[in-house]
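One line per chain: the protein sequences are A and B, in this order. Positions in the first sequence are counted from 1; adding 171 to them yields the working numbering. Positions in the second sequence are counted from 1; adding 4 to them yields the working numbering. Positions of the beta carbon are idealized from the N, C-alpha and C atoms, including for glycine. Given the structure is predicted, the values throughout are model-derived calculations rather than measurements.
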Amino acid sequence: MPFRPMRILISGLSLLLLFALPTLAQTETPKTEVVKVDSDTFSGLDARPIGPATMSGRIASIDGAIEKGRLTLYVGSASGGVWKSVNGGTTFKPVFDKYTQSIGAVTIDPSNPKTVWVGTGETWVRNSVSVGTGIYKTMDGGENWQHLGLADSERISRILVDPNHGDTVYACATGHLWDASAERGVFKTVDGGKTWQKSLFVNNDTGCAMIAMDPQDTKILYAAMWQFRRKPYLFTSGGPGSGLFKSTDAGVTWKRMTQGMPEGDLGRIGIAVAPSRPSVVYAVVEAKHSALFRSDDLGESWTEMNSGAAIVGRPFYFAHLFVDPRDYDRVYKPGTGLVVSDNGGKAFSGIAGSVHSDFHAMWINPANPDQMFVGTDGGLYTSEDRGNTWRFIANLPLSQFYHVSYDMEQPYNVYGGLQDNSSWFGPSRATSGIQNRHWKSVYGGDGFWVFEDPSDAEYIYAEYQGGNLGRINRKTLETKDIKPFPDAGEKKFRFNWNSPIQISPNSKGTIYFGSQFLFRSHDHGDSWERISPDLTTNDPNKQRQEESGGLTVDNSDAEAHTTIYTICESPRNGDIIWAGTDDGNLQITRNGGKTWTNVVGNVAGLPSNTWVSTVEASRFEEATAFATFDGHAGGDMKTYVYKTTDYGKTWQSLATPDITGYAHVIKEDTVNKNLLFLGTELGLFISVDGGRQWAQFKGGNFPAVAVRDIAIHPRESDLILATHGRGIWIVDDITPLRALTPQVLAMEATFVESRPAVQTIPASEFGFNGDAEYVGRSASEGAPITYYQRKRHIFGDLKFEIYDSSGKLVSTVPGSMRRGLNRIEWSMRMKAPKVPPAAGLVPNFFSFIGPRVLEGTYTVKMIKGKNTYTEELKVIPDPRSKHTREDRLRQYETVMKLYDMLGELTYQVDTIADARDQSRDRATKLPAGDVNRKRVEDLARSLEVVRSKLVATKEGGGITGEEKIREQMGTLYGAVNGYEGRPTQSQILRMEALKKEFDVVVAEFDTFTKKELPVVNAILEKRKLDPIRVMTKEEWEKKQSKQ
Amino acid sequence: MFRRFFLSLTCLTILALPVSAQTVDEIVNKHIQARGGLEKLKAVKTIRYSGKMQMGQGLEAPAIMEQKRPNSMRMEFTVQGLTAVQAYDGKTGWSLMPFGGKKDPELMGEEELKSISEEADFDGPLVDYKEKGNKVELVGKEPVEGTDAYKLKVTLKNGDVDYLYLDTDSYLQLKQESKRTVRGAERESEVNLGDYKEVEGLMLPFSYEMGLKGVPQKQKIVIDKVELNPAVEDMRFKMPEVKKVEPKPEEKKPEEKKPPEEKK
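What follows is the structure, given as structure tokens:
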């Protein structure tokens, strides 16, 4: 362990403090007052996003505007916030990270592009959809946002801003998905969002799915009302509430439009008005017979145009229409693919090309309708030629992970499955950042749990929806399906959309898989042993996925229910296995599956049949376990998190008002049993006291994104977060969190333990990739120094001195100021070598920086104002390094010799330049006609000649290629410095040769000055001028230390 | 059921509410007092900071910054014995980047010139802000990494916007955010200030962390010494004559100023 908690206070005022100790002690131990743990207590530990953006994630809404000739885009993502580009899609920045990340609508005010409206809550209401918190507005291009109500609308599908009057805005509020709600329908404001009137409302089960405006007469509005409901096991679209409505008085009155519309109940309807001829209106209508309809009389009467599969498929997921801004007969229909009609909707052709399927959003540039952007389940694409060809935008890390795991490689890899985007693995760190190209996919479909096979690292377990389980060779990608099957006469197994795979923590070859039964395999999935009866309620009312969809059947496995959802074998005892089901059973076996007990009835305060989102058996006590429950799919948004210490007989709630969002996962730390991590739909929450207090983690600008899964890397102590919408984030080394006891939190300042500092092998890569590709952050390569301070550091010094084992000061590092935990880094290098001035820099990167210090134990002193704190810091070599300690010693000795030689060279060059400058000075002081003036001038010239033997002197820029001893020695130093193994024989010989050449020039200078200076100084003395002196080493060193 | 969501929103709204208890001028005056008071600030005619720029990998470049009333400034830093200079004399901004072998001063580009001319405001944008034509608004209280601060929006005379964060206890500046337009695109940067120490009655920050807004990695500058009213010749800020006959600046091609890294 690197930092031992010595906390010795060595102070300039230590004597004074000694006297003051009794009073100090009183103030340091206040009336057992607990220091409040809040976000800023630990947000000084950065979370770093590693992406990836290679598959990106679902986009729900896009809007664009031309600002000063450049294209500004706002992209609203399904669960990763709002992203803004000011360069037509080359780069993006997230502008909505403080708020809910689920976006339904983004609309730029047509009369002022700095004003942008965001309706939160996606309306492509698939099983995994998130929730919103109302409507927001920015008036400064996304920097500051105001929340303007409709907080209980849960989701908003579209916002219209009157182009003639920016304060008049219509919000199409879809409303609650999983229960009835009143705040839904069309809302209107005429005062920029201060107040809202309910303009159109049908009933508590029916919301607004789409709204459109006539661009010429903005009083004419069309609205699609939609009756819909999702349950965990059934989705229904359609009902008497649904219908197409029209208003001609800006939303004061509405009438239902039926002429030419299908008979019977309707479902979801998409509407688009042709901008170039607003009498033409298109509507795609879900009904018993779904079709595209067209009106040529302002929506009064409708004619069916087309009912092809591409038009009518999955209306709950695709209900948009887009009409070309200039051609009223050209209409685009996003769906599973993207189709376009050039004849007013009669016939359509596919233009999806190589784009990811599932199109939800589109923006066509009104100034150039050939240019368009589409948003899909796999991110954003753009076309410059009306959809003939597409370019993927590789800069949006919106990846929607369900789960995450890791392996034991150096550096370790991260694995996870994503919404409609397969299963992937990629490195946790990389030399030039973690790039899209580093990620590899396996198995396809919708991905969920992925694990490396712990008993054979060449293989990976992955799955896709419907309980399809595979074992994949990571090198060849050969795939073997290993799904368990029913016995003769048995019904098809019920597998959750997101079926649980678990790896035994106790026996390497054992894996678990769950349908309604729990399966165990000891042979890589070749054979399965059924180790439980049906662990669910087996309620036939909840086994209706074949009926799911309502008017349009949609049986995609997403509504498979009464299934096992979470499995955990106790790390302390392999016979204890927990299983939680989506219909609210929490089961435990204590005999390896022979008998099971449903303990959910013991969970006080939990509504029955609440989905068990995670069960986590403690690694410290076998009777202890944690469980999270998630009732959101029944309309219950509360956070449920519980702990048992008696095998589930009794449960204690750990929820506090500081937690927001329904709970997905709880993770117990691997070392400190009081350290808990909770992932909810709205972020990550941490407790350092066993769940009594919780605070949201925001380190490294971690957004309020859904945290679906959490892993802790046991070797690195890294916290790995699977977000559903913002990819994977890593908090490197959570050792400091383990040390946050109440005693530490009450201290003014203290060191906090970190893992040993690793000297990462120096490396670089070639690449000039431009700005259009996302690069995830790699880990810092410095030695972490972690400290806690109760208040922000404002006054006086805060710096860190690092001493080697002999007590020599090696480095000084400035501190950072924030309240709570701070983590700074030390480069583990000595000061840069002294290099004499010359024509240019030595052209070797490693010549700029100092030698790396040797592995070992260093002492760190924190100097904070008048106080000093001391800790130890352990520095270890890169575990990947093949160099022995002997090799590294040899390198260190050599690089230090060169380091010292460069110092000596600097002294000599400075001395020569100094003598030259003195000569030049004296020469100017001699009268112009003086015969001796030339002699002094010659002396200056000769000295410059000597200097030019040591350093490059050709000035004027350009690549002169001039190399003198400085450049050669500097380059050699750089080469030896950049490789931490044994230097080559050639390098050592070269060092010796350069030393000889250097000595020759030094001797020449000595001989020359010894001969010449007495003569010149005698002349100068006669003229009463100061003699020319050669600067001594002591004088030079004194000058250096002043710098 | 949305109560909790809504609660968290209400909290955010409260944080953003304007603080009516104190006016902008009261806060600005307390800030000036905290720095030592107007009289002491005005008594400083020249100032020199000496310190180190932390350039990563343990590379520390000795750095000097000099300022002279009303608005001259010069910054230097040294790597491998080669000293780079950026300076402004109230009219002309210039720089000297010697690393590639060319040691002639060059005129600054328009954006750099704008930036240095703003930096050169001797007392900073809050002192005499009305006379300078700057507009200052109190946005509200907003914490800086968990420490309460007043957030002031300063609109400079030229339209550029800075946000200054003043500690609610000490009224000293904790942070500055700047938004600048570079070739038509906005660039946002931020600086944290700390290690305040008293120098002859003035409170001055001795530590700076600077970088692009929202990017956790920051460049640090640590000040070792501050001299008040040192003798600083005007010549230090003037662009030196280029000795050789060269084409006029506007005909010159832009020089590559990056240090050579081809042998990384």
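Given a threshold of 16 other Cβ atoms within 10 Å of its Cβ, counted over all protein chains shown, does residue i qualify as buried or as exposed?
| i | result |
| --- | --- |
| A:K1210 | exposed |
| A:K1102 | It is worth fixing the name first, because residue 1102 of chain A is Val in this sequence and not Lys. With fewer than 16 other Cβ atoms within 10 Å, it is exposed. |
| A:D280 | buried |
| A:L187 | With a pLDDT of 28 at A:L187, under the threshold of 50, the modelled position of that residue is not reliable, and no figure is offered here. |
| A:G410 | buried |
| B:Q288 | Not covered by the structure: residue 288 of chain B. The range shown for chain B is 5 to 268. |
| A:R994 | buried |
| A:A633 | buried |
| A:R1241 | Absent from the model: residue 1241 of chain A. The displayed extent of chain A is 172 to 1214, so no value can be given. |
| A:F800 | buried |
| A:E1205 | exposed |
| A:N712 | exposed |
| A:H336 | exposed |
| B:L19 | Low confidence applies to B:L19: its pLDDT is 38, below 50, so where it sits in the model is not reliable enough to give any reading. |
| B:K302 | As displayed, chain B neither begins before 5 nor continues past 268, which places residue 302 of chain B out of reach and without an answer. |
| A:I564 | buried |
| A:Q398 | buried |
| A:T535 | The residue you asked about is not Thr; residue 535 of chain A is Ile in the sequence shown. That one is buried. |
What residues from chain A crowd round residue i, counting only those whose CB sits closer than 9 Å?
| i | result |
| --- | --- |
| B:Y200 | I965, F966 and G967 |
| B:A189 | R241, V257 and N258 |
| B:L208 | What B:L208 touches in chain A: nothing, since even the nearest Cβ is about 11 Å away. |
| B:E213 | P985, S987 and M988 |
| B:S174 | I965 and F966 |
Which two residues bound the contiguous beta strand (DSSP E) that contains residue i?
| i | result |
| --- | --- |
| B:M57 | T50 to Q58 |
| A:K970 | L969 to Y974 |
| B:M69 | E64 to K72 |
| A:I956 | A954 to Q960 |
| A:H835 | A834 to E839 |
By the criterion of Cβ-Cβ separation under 8 Å, what are the contact partners of residue i in chain B?
| i | result |
| --- | --- |
| A:M918 | Those do not exist, as A:M918 stays about 17 Å from chain B at its closest Cβ, beyond 8 Å. |
| A:T681 | Going along chain B, no residue has its Cβ under 8 Å from A:T681, so there is no contact; the nearest lies around 40 Å. |
| A:A1111 | Chain B residues near A:A1111: none, gap ~19 Å exceeds 8 Å. |
At a CB-CB cut-off below 8 Å, which residues of chain A make contact with residue i?
| i | result |
| --- | --- |
| B:Q180 | Neighbours of B:Q180 on chain A: none; closest Cβ ~14 Å, over 8 Å. |
| B:D164 | In chain order: nothing, as chain A lies at least about 14 Å away. |
| B:E114 | Per Cβ cutoff of 8 Å: no residues; B:E114 is ~17 Å from chain A at best. |
Along chain B, which residues have their Cβ under 7 Å away from the Cβ of residue i?
| i | result |
| --- | --- |
| A:V1006 | Q84 and G85 |
| A:T1124 | Those do not exist, as A:T1124 stays about 10 Å from chain B at its closest Cβ, beyond 7 Å. |
| A:G1127 | G105 and K106 |
Note down, in chain order, every chain A residue with its Cβ under 7 Å from the Cβ of residue i.
| i | result |
| --- | --- |
| B:Q61 | S998, R1000 and I1020 |
| B:D171 | I965 |
Give the residues of chain B in contact with residue i, contact being defined as C-beta atoms less than 9 Å apart.
| i | result |
| --- | --- |
| A:T1131 | G105 |
I'd like the span of the alpha helix (DSSP H) that includes residue i, first residue to last.
| i | result |
| --- | --- |
| A:F213 | S210 to F213 |
For the stretch 134 to 161 of chain B, enumerate the residues whose C-beta is nearer than 9 Å to any C-beta of chain A, in chain order. If you check each beta-carbon in the stretch 134 to 161 of chain B against every beta-carbon of chain A, the ones closer than 9 Å belong to V143, P147, V148, E149, G150 and T151.
Check distances from the C-beta atoms of the stretch 972 to 994 of chain A to those of chain B and list, in chain order, the residues that come in under 9 Å. Hits within the stretch, in order: S982, T983, V984, P985, G986, S987, M988, R989, R990 and G991.
Quick one: which unbroken beta strand (DSSP E) runs of 3-plus residues sit fully inside the stretch 997 to 1051 of chain A? Chain order, please. Complete beta strand (DSSP E) runs here, min 3: 1027 to 1035 and 1038 to 1048.
Beta carbons nearer than 9 Å to chain B: which residues of the stretch 205 to 230 of chain A have them? Hits within the stretch, in order: D209, S210, D211, T212, S214, G215, D217 and R219.
At which residue ranges does the stretch 880 to 938 of chain A contain complete alpha helix (DSSP H) runs of 4 or more residues, listed in the order of the chain? If we require 4 residues or more, the alpha helix (DSSP H) runs fully inside the stretch 880 to 938 of chain A come out as 906 to 909 and 913 to 917.
List, from N- to C-terminal side, the beta strand (DSSP E) runs of 3 residues or more that fit wholly inside the stretch 599 to 654 of chain A. With a minimum length of 3 residues, the continuous beta strand (DSSP E) runs that stay inside the stretch 599 to 654 of chain A are 611 to 613, 621 to 623, 630 to 635, 639 to 644 and 650 to 652.
If contact means a Cβ-Cβ distance below 7 Å, which residues of the stretch 219 to 242 of chain B contact chain A? From the stretch 219 to 242 of chain B, only P220, K224 and V226 have a Cβ closer than 7 Å to chain A.
Contacting positions in the stretch 1009 to 1034 of chain A - beta carbon closer than 8 Å to chain B: From the stretch 1009 to 1034 of chain A, only A1009, A1010, G1011, L1012, V1013, P1014, N1015, F1016, S1018, F1019, I1020 and G1021 have a Cβ closer than 8 Å to chain B.
Proximal residues, the stretch 849 to 879 of chain A versus chain B, C-beta separation under 7 Å: Residues passing the 7 Å Cβ filter: G871 and N872.
Which whole runs of the alpha helix (DSSP H) in the stretch 328 to 414 of chain A are 4 residues long or more, in chain order? For the alpha helix (DSSP H) assignment, the stretch 328 to 414 of chain A encloses no uninterrupted run of at least 4 residues.
Could you name the residues of the stretch 429 to 451 of chain A whose beta carbon sits closer than 9 Å to any beta carbon of chain B, in the order they occur along the chain? Result list empty, no residue passes.
At 3 residues or longer, what runs of the beta strand (DSSP E) sit wholly inside the stretch 263 to 293 of chain A? Listed in chain order, they are 274 to 279 and 287 to 291.
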